[in-house]
């Protein structure tokens, strides 16, 4: 497979950019005044997106997991004892616990597997 050298690629990209920019800026934005509105719109849009992301981090940080500890014990009869201790800060929200989805049936290499869960 023949590769293209860097100078050729660079010249090709510059040539394409010159054609595309000439078409876009000459035909779509006829004067400098119209282009300045487009540029201002891009900056304003970027600023609004940044501001939105910045303000949302405080809301998302209201809840957090303070500590997470897992103890796993494999028994001689091939059963497994798992104990999870989760320290969760709900922030200002009044909540009553954490909901967990534990898959008890799944497909993996070698076949289908089922788990029995007991307390």
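Residue numbers (this note's numbering): -15 to 103. Quick reminder that beta carbons are idealized off the backbone N, C-alpha and C, glycines included.
For residue i, which option in the options has the closest C-alpha, if you only look at C-alpha atoms?
{"i": "residue 83", "options": "70, 75, 95 and 91", "result": "70"}
{"i": "residue 56", "options": "48, 31 and 65", "result": "65"}
{"i": "residue 47", "options": "2, 81 and 93", "result": "81"}
{"i": "residue 52", "options": "2, 88 and 67", "result": "67"}
In terms of residue numbering, what span does the beta strand (DSSP E) encompassing residue i cover?
{"i": "residue 57", "result": "48 to 58"}
{"i": "residue 95", "result": "95 to 98"}
{"i": "residue 92", "result": "89 to 92"}
Rounded to whole angstroms, what's the CA-CA distance from residue i to residue j? Just pull it up for me.
{"i": "residue 95", "j": "residue 73", "result": "40 Å"}
{"i": "residue 86", "j": "residue 100", "result": "11 Å"}
{"i": "residue -15", "j": "residue -1", "result": "In this prediction, residue -15 has a pLDDT of 48, which is less than 50 and means its spatial position is unreliable; nothing more can be read from the coordinates."}
{"i": "residue 98", "j": "residue 34", "result": "46 Å"}
{"i": "residue 92", "j": "residue 60", "result": "24 Å"}
{"i": "residue 24", "j": "residue 30", "result": "10 Å"}
{"i": "residue 75", "j": "residue 50", "result": "11 Å"}
{"i": "residue 103", "j": "residue 38", "result": "43 Å"}
{"i": "residue 26", "j": "residue 88", "result": "50 Å"}
{"i": "residue 62", "j": "residue 77", "result": "41 Å"}
For residue i, which beta-bridge partners are listed by DSSP?
{"i": "residue 72", "result": "49"}
{"i": "residue 67", "result": "55"}
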